[in-house]
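Take a look at the structure below.
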Amino acid sequence: MESINLASNEIVGTLPPSWLQVMTLRELTLKNNEIEGSLPNEWGGMKFMYFLDISGNMLEGTLPASWENLIRLAMLKVSGNRIQGNMPQGWSNLSNLVAMDAQGNQISGTLPESWGDLDNLGYLNLKDNQLWGVLPEKWSHIHSVQQMLLNGNALSGAIPLSWSQMYKLVTLGISGNEGICGKLEKNVLIEAVLNKTGTHLDTDCLWGDEATILLDFKAKISEDPDESLITWEPHRPPCGYPPWRGVVCTGGRVSELDLSRSNLKGSLDPNLGNLRHLKKLLFSMNRFTGTLPSSWATLSSLEIVHLSNNLLTGPLPEAWKNMASLQHIDLDANGFKGVLPIEWEELKAVNHISLRRNGFTGTLPASWVPKMPHLSRLHLGRNLLTGKIPSTWRPKRGQNITEITVNHNRLRGIVPDALALQATSLRLLSVEGNFMMCGSLSGVRPDLYFKYDDTGIGKNCPTSGEGMSGARVVTVVDASASDDGRGPGPSIMLTRVARNSSDSEEYQSV
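One rule links them: number in my numbering = place in the sequence shown (from 1) + 340.
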């Protein structure tokens, strides 16, 4: 038996897997019945099947991967069912397939690149499914295709210019895909697209400028051993389905870049400052070098920037004061140098600043705490900062600062009452490792977690009028490893004042 035609007979039940045993069956028509269930995996063994029409039933399940073995199949019709799941990659083996109609199902996922190998395919109908993603470049190799109907899905991006190589293409159905955009420049495509309704064809893709910016950034990456940017390709929209790896979008625009722990090596592209909708930039744990671009100050929507644990150097850009939405800054463990810019006092939205384990010098900006109304956590430990903790660091009414760490710097003097006693919201204050700090503990709130190891705090600070007779010089060395792990921390020379055996120890720097 080579042919069975049972179309429109109100047949119910399921497709019998045992029909595999009809080894000579070449043509099977079961369209327009009431058959339920799934497509049998066993039918993948029907090696002589040439024509299969099971359209217009109530079939469910997925397209069986095993059907890639139907190597003689020329025509397949499964339209008008309830088939779900993805289009099998392995069906690219159906080298004799001439026509396939899967319209009106619930097939989802992306169009398989591998189907570009179906060089005998002349008719493909995938209308009214749930397909998304971009149009594969490789499908330009389907030189025999005359009709390709992709209407009514959720496809996005530009029609690849390479599709102009489909010289036999007469009809390209693309309507009802709102994400399809860009201009048609080749006659073969212009003539084939008969209906543009429900698309953005002939309109520049909204993401075009953002794709250019991100591809320029990719070009400055010299090493990407984990292939984190492999999906960043031209003609593939950053906000398509799926979006580029590490890219998060809101309303079709790039709102977040998360390339943390990607082992990328390269520089920070100043043009990223043109991503006007960017809210989060997360680049921690990479090998970025160079300086922070001042041009990023134009990122008016940026709320979070994480660049910790890289190899960045140079000063902090004063221009970043203009990042009005910036809330969270983490630049820990880099090689930054220079002073902390007073201009950053204008970051009115910031609530977290972490600049630990760098090489910052100079004094603590007196205006940062009082002029940053939302500042909650300030971490400046393990730098080379000098001077005193400013007495102006008195939180204003309603300001809820909870953590200040300035440990392991070169600070001196006392802890101001403004922090130790009056800042009632403060829960953590760390000054440990600042050997020249001194003063009484009596002014410290008992509920404050106060870390002051390796300081002179608890001992009286020397007064300017005291004599130095009988004083001897001692050297106190911070034996803890430096931030880069290459050796001990800085040595601090102190004067120990001891006029008689009953005197308390007092320390003064020299």
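By construction, the Cβ of each residue, glycine as well, lies at the ideal position given by its N, Cα and C atoms.
By Cβ distance, which residues of its chain are closer than 6 Å to residue i, with the 5 residues on each side in sequence left out?
i      : result
Arg722 : Arg696, Arg697, His748, Asp823
Gly385 : Leu360
Asn426 : Gly449
Ser648 : Ser624, Asp670, Asp672, Ala673
Please classify residue i as buried or exposed, where buried requires at least 16 neighbouring CB atoms within 10 angstroms.
i      : result
Pro705 : buried
Asp403 : What sits at residue 403 in the sequence shown is Leu, not Asp. By the neighbour-count rule (16 or more Cβ atoms within 10 Å), Leu403 is buried.
Gln848 : At Gln848 the pLDDT is 33, less than 50, meaning the model places this residue with poor confidence and gives no usable figure here.
Leu781 : exposed
Leu368 : buried
Pro357 : exposed
Asn349 : exposed
Ala760 : buried
Trp559 : It should be pointed out that residue 559 corresponds to Ala in this sequence rather than to Trp. It counts as exposed.
Pro452 : buried
Asp459 : exposed
Return yes when the Cβ of residue j is within less than 8 Å of the Cβ of residue i, no when it is not.
i      : j      : result
Val533 : Ile514 : yes
Leu642 : Leu622 : no
Val418 : Ala442 : yes
His719 : Ile693 : yes
Lys677 : Thr701 : yes
Leu355 : Leu392 : no
Ile561 : Leu554 : no
Thr745 : Leu768 : yes
Leu687 : Thr703 : no
Thr364 : Glu382 : no
Leu608 : Pro633 : yes
Ala414 : Pro428 : no
Arg585 : Glu550 : no
Ala763 : Ile797 : no
His646 : Ser624 : yes
Ala758 : Arg734 : yes
Lys736 : Pro710 : yes
Assuming residue i is part of the beta strand (DSSP E), what are its boundary residues?
i      : result
Thr703 : Unbroken run through Thr703: none, as it is neither H nor E.
Leu464 : 463-465
Ile344 : 343-345
Ile744 : 743-745
Lys558 : Unbroken run through Lys558 is the alpha helix (DSSP H), 548-559; no beta strand (DSSP E).
Ala439 : 439-441
Glu374 : 374-376
Val510 : Careful: Val510 lies outside any beta strand (DSSP E) and carries neither H nor E.
Thr354 : 352-354
So residue i is in the alpha helix (DSSP H); what residue range does that whole segment cover?
i      : result
Asp793 : Element bounds for Asp793: n/a, residue is neither H nor E.
Lys736 : Run containing Lys736: none; DSSP gives neither H nor E here.
Ala498 : Counting along the chain, Ala498 falls outside any alpha helix (DSSP H), though it belongs to the beta strand (DSSP E) covering 494-498.
Leu759 : 757-760
Using only the alpha-carbon positions, how far apart do residue i and residue j sit?
i      : j      : result
Leu490 : Leu464 : 8 Å
Lys799 : Cys778 : 6 Å
Ser600 : Ile682 : 29 Å
Ser435 : Asn409 : 10 Å
Met776 : Arg752 : 4 Å
Gly519 : Arg750 : 57 Å
Leu541 : Trp503 : 15 Å
Asn397 : Arg627 : 57 Å
Pro657 : Ala689 : 17 Å
Ser716 : Asp670 : 14 Å
His481 : Gly456 : 5 Å
Asn774 : Ser595 : 41 Å
Leu615 : Trp572 : 16 Å
Glu395 : Asn650 : Per the sequence presented here, residue 395 reads as Ser, with Glu not at that position. Spanning the two alpha carbons is a distance of roughly 58 Å.
Leu509 : Pro476 : 16 Å
Thr590 : Ala347 : 48 Å
Val352 : Asn445 : 19 Å
Asp672 : Leu597 : 19 Å
Met389 : Ile644 : 59 Å
Thr543 : Lys620 : 28 Å
Glu531 : Lys478 : 21 Å
Gly522 : His483 : 23 Å
Ser454 : Trp431 : 8 Å
At a Cβ threshold of 8 Å, is residue i touching chain D?
i      : result
Gly420 : Included in the structure is just one protein chain, with no chain D present.
Go through its chain and collect everything with a Cβ distance to residue i's Cβ below 8 Å, but skip five positions before and after it.
i      : result
Thr653 : Thr629, Gly630, Thr631, Asn674, Gly675, Phe676, Lys677
Asn517 : Leu490, Asn491, Gly492, Asn493, Ala494, Leu495, Ser496, Gly538, Thr539
Glu772 : Asn747, His748, Lys791, Tyr792, Asp793, Asp794, Thr795
Ile286 : A question about residue 286 goes unanswered here, because the residues of the chain that appear run from 341 up to 850.
Gly805 : Only weak support exists for where Gly805 lies, its pLDDT of 37 falling under 50; the value from the coordinates is given anyway. Closer than 8 Å at Cβ, skipping near neighbours: no residue.
Hey, is residue i close to the ligand NAP, as in C-beta under 7 Å from one of its heavy atoms?
i      : result
Gly519 : For the ligand NAP, the structure offers nothing, since it holds no ligand at all.
Return the chain-ordered list of same chain residues with a C-beta closer than 7 Å to the C-beta of residue i, the five sequence neighbours on each side being excluded.
i      : result
Asp556 : Asp609, Asn611
Asp566 : Ser602, Asn603
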